[in-house]
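Just so you know, the sequence shown maps onto residues 1 to 86 in UniProt numbering.
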Amino acid sequence: MQYVISMTSRMVTIAACCVLLLCVLLFLLGFEIGARFVAPPAPLTAQSVAPTLAITPAPATAPEPPAGASSPSAGETDAAPASSTS
């Protein structure tokens with residue numbers, strides 16, 4: 001059995017455009033990779049120079065009030081009598 005493959009001018013144009021686009025993208029990819037190889041190393045920062053096992057002080061926390069003393073939140077009233085409708 002014999003296969004006949006024919007390419008129209010439209011198919012040739014599409015294939016040529018795809019090959020051209022592939023070449024351009026590969027060129028740009030190579031350009032970016034080359035730029036990364038040539039780039040100078042990142043400058044050292046103070047944080048990267050500091051020792052990695054530095055001891056940091058514990059954060060200061062405010063002392064908690066005793067359990068009996070609670071501060072009212074916004075909208076609450078102190079010792080408001082309960083209303084009775086009986």
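Built from N, CA and C at the ideal position, the CB exists for glycine as well. Fair warning: this is a prediction, and the values are worked out from it, not measured in the lab.
Between the CA atoms of L28 and G34 - distance to the nearest angstrom: 10 Å
Reduced DSSP category for I33 - H, G, I as helix; E, B as strand; rest coil: Three-state DSSP puts I33 in a helix.
Collapsed DSSP secondary structure at V4 in the structure displayed: coil
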